[in-house]
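Asks: If you count by the UniProt record's numbering, then the sequence shown holds residues 1 to 136, one letter each, in order.
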Amino acid sequence: MNLILHLLLDAAVIFGLAYVMPQVEVKSFGKALLVAVILALLNVTIGWILRGIGNLVTFFLLSFVIRLLVTAVLLKLVDSFMSSLTIRGFWPAVVIALGVAVAGAVLDQVLAPAPAGNGRMETVLQWMPQTAVLKG
């Protein structure tokens, strides 16, 4: 279920950014979904190798940057063999990679189970009085 939600969200981000950015064109939402599926497959197969090499070179200090750059390179790779996706330049691919990363992180936070079986707001409300007592 999470995979389907991530793919739909990635497709929505790609389609939305293609609408906003003149350097990016996607034919339809269905094609954006296909791009998201191919990007996910490339990330699973080739992406982890490229990220591993990049992280070794940077001694794991720039892991987030390496992930963004690898995703941008994979987007350009998808662009090279799909006629329904056009990305003119490398920086628009980096912007899309950043959008996909941020949207994915937000979705992961929303889908994450709450600690101790409570809802997120209940946990915050339980925590606040404890910190007020400690300060006072």
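Cβ coordinates follow ideal geometry from the N, Cα and C atoms, glycine included. All values derive from a computational prediction rather than experimental measurement.
Taking 8 angstroms as the cut-off, decide whether the C-beta atoms of G104 and L39 are in contact.
Replies: It is not a contact, given that the beta carbons lie outside the stated cut-off.
Asks: Who pairs with V85 in a beta bridge, going by DSSP?
Replies: Just to set this straight, residue 85 is Leu in the shown sequence, not Val. Paired residues: V26.
Asks: Which residues bound the alpha helix (DSSP H) around N2?
Replies: Looking at the DSSP string, the run of the alpha helix (DSSP H) that includes N2 is 2-20.
Asks: By Cβ distance, which residues of its chain are closer than 7 angstroms to V133, with the 5 residues on each side in sequence left out?
Replies: Model confidence at V133 stands at a pLDDT of 49, short of 50, so the residue's coordinates are unreliable and nothing is read from them.
Asks: According to the Cβ coordinates, are V26 and V35 closer than 8 angstroms?
Replies: Cβ distance < 8 angstroms, so V26 and V35 count as in contact.
Asks: For V78, collect the residues of the same chain with a Cβ closer than 8 angstroms to its Cβ; drop the 5 residues on either side in sequence, then sort them by chain order.
Replies: Only V35, I38, L39, L42, L85 meet the Cβ criterion.
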